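Okay, so here's the structure we're looking at.
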Amino acid sequence: MKVTLSTFILAIFAANASAFSSSPSFRATQSSPTELNSVSRRNVFKSIVGAPAMAVIATSFSQPAFADVTNKIASQSSLRYVKRSIRELDRLELYAAQNEYSEIKQGLRTPALSEIRKNANVLIKGGEDGPEAENLLKSYAVFIKDIEALDSSASLGSRGKKGVELFSSYQSAVKDLAVFAEIAERSVTIPISIEDGQSS
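Numbered per mature numbering (1 follows the signal peptide of the UniProt record, and there is no 0), the sequence shown spans residues -19 to -1, 1 to 181.
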């Protein structure tokens, strides 16, 4: 009897105690699949658009300075090439004086002279913002006219046309290439301006 009574009292006490204790409730917040997809799409869109935009902004401020430096460095190399071309053109003087048409044609196509246009254009691009820009363009146009006249005359002579003289065209080409190189050298040595007003 004592055992059952004590068991009964314990059972009542446990029931009362459990009535006052808060039972944990499990409330799960659910998200719809469309909401999850829209969030992930938004994040993906931000990352796709944001990264290139930041790259463009970062590089747009530094490009002009790098472009100036790159053009100046390329111009130094091209100026050396043009000066070498003057020496190569000087070697053709005897052929021009003797109207050796095939030798002139071949000489104008040697590596030292065949890329004169490309290197002259690099020099023109490097000096396009400087005070010598117009002079560079004019002197280049005059030289190209002379060298093309020399090449055309050599072609006519090699095809058998009589009385074609090369020396005057040759002399003009040599003189005008030297003028172009002189202007280009002045243009290349103009210092690059820096934003704070200093120059290098």
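We put the CB at the ideal spot given by N, CA and C, even for glycine. Note that the structure is a prediction, hence the values are computed from the model and not measured.
| task | Look at the alpha carbon of GLY88 and the alpha carbon of GLY111, and state the distance between them as a whole number of angstroms. | result | Position 107 of the sequence shown, counted from the first residue, corresponds to residue 88. Position 130 of the sequence shown, counted from the first residue, corresponds to residue 111. Approximately 33 Å, taken between the alpha carbons.
| Between the CA atoms of SER133 and ARG140 - distance to the nearest angstrom | Translated into positions along the sequence shown, residue 140 becomes position 159. Translated into positions along the sequence shown, residue 133 becomes position 152. Whole-angstrom Cα-Cα distance: 11 Å.
| To which residues of the same chain is PHE148 closer than 6 Å at the C-beta, ignoring the five residues directly before and after it? | As a first step, residue 148 is located in the sequence shown; it is residue number 167 there, counting from the start. If we look at PHE148 and ignore the five residues flanking it on each side, its Cβ neighbours are ALA77, ALA78.
| query | With C-beta atoms as the reference, is ILE164 less than 8 Å away from ASN102? | reply | Position 183 of the sequence shown holds residue 164. Position 121 of the sequence shown holds residue 102. The answer is no: Cβ separation not under 8 Å.
| field | As assigned by DSSP and simplified to three states, the class of GLU109 | value | As a position in the sequence shown, residue 109 is number 128, starting the count at 1. Here GLU109 sits in coil by DSSP.
| Where the alpha helix (DSSP H) containing GLY138 begins and where it ends | Here residue 138 refers to the residue found at position 157 when the sequence shown is read from its first residue. Its alpha helix (DSSP H) spans residues 114 to 139.
| Exposed or buried, what is GLY144 when buried is set at 16 or more other beta-carbons lying within 10 Å of its beta-carbon? | The residue you call residue 144 lines up with position 163 of the sequence shown. Label assigned to GLY144: exposed.
| query | Can you list, in chain order, the residues of its chain whose CB lies under 8 Å from that of THR91, leaving out five sequence neighbours each side? | reply | Translated into the one-based positions of the sequence shown, residue 91 becomes position 110. Excluding residues within five positions, the ones whose Cβ falls inside 8 Å are GLU69.
| Using the C-alpha atoms, what's the distance from VAL169 back to GLY107? | As a position in the sequence shown, residue 107 is number 126, starting the count at 1. As a position in the sequence shown, residue 169 is number 188, starting the count at 1. Cα to Cα, GLY107 sits roughly 7 Å from VAL169.
| message | Which residue marks the beginning of the alpha helix (DSSP H) containing LYS143, and which one marks its end? | response | Numbered from 1 along the sequence shown, position 162 holds the residue referred to as residue 143. Run containing LYS143: none; DSSP gives neither H nor E here.
| said: Looking at the secondary structure, which residues open and close the alpha helix (DSSP H) in which GLN152 lies? | reply: By 1-based counting over the sequence shown, the position of residue 152 is 171. It spans 148 to 169 - the alpha helix (DSSP H) in which GLN152 sits, taken as one unbroken run.
| task | For the alpha helix (DSSP H) holding GLU81, just list the boundary residues, first then last. | result | The residue you call residue 81 lines up with position 100 of the sequence shown. From DSSP, GLU81 is part of no alpha helix (DSSP H); its letter is neither H nor E.
| query | How far does the alpha helix (DSSP H) with LEU94 in it reach, from first residue to last? | reply | Within the sequence shown, numbered from 1, the residue matching residue 94 stands at position 113. Note, LEU94: alpha helix (DSSP H), 92 to 95.
| request: Determine the direct distance from the alpha carbon of GLN57 to that of ILE128, and round the result to whole angstroms. | output: Locating residue 128 in the sequence shown gives position 147, where the first residue counts as 1. Locating residue 57 in the sequence shown gives position 76, where the first residue counts as 1. Computed Cα separation, rounded: 23 Å.
| message | By the three-class DSSP mapping on this structure, what secondary structure does LEU73 have? | response | Counted from its first residue, the sequence shown places residue 73 at position 92. LEU73: coil per DSSP, three-state reduction.
| task | If I'm right that LEU131 touches ILE85 with Cβ under 8 Å, what's the distance once you round it to whole angstroms? | result | Taking the first residue of the sequence shown as position 1, residue 131 is located at position 150. Taking the first residue of the sequence shown as position 1, residue 85 is located at position 104. So it is a contact: roughly 7 Å between Cβ atoms.
| request: Just the C-alpha distance for ALA93 and LYS99, rounded to the nearest angstrom, thanks. | output: The residue given as residue 93 occupies position 112 in the sequence shown. The residue given as residue 99 occupies position 118 in the sequence shown. Rounded to the nearest angstrom, the two C-alpha atoms are 12 Å apart.
| request: Kindly give me the distance between the Cβ atoms of SER120 and VAL160, rounded to whole angstroms, as I take these residues to be in contact under 8 Å. | output: Translated into the one-based positions of the sequence shown, residue 120 becomes position 139. Translated into the one-based positions of the sequence shown, residue 160 becomes position 179. That pair is a contact at about 5 Å.
| message | Given this structure, state the Cα-to-Cα distance separating ILE54 from LEU104, to the nearest angstrom. | response | Taking the sequence shown and counting its residues from 1, the one referred to as residue 54 is at position 73. Taking the sequence shown and counting its residues from 1, the one referred to as residue 104 is at position 123. Their backbone Cα atoms lie some 10 Å apart in a straight line.
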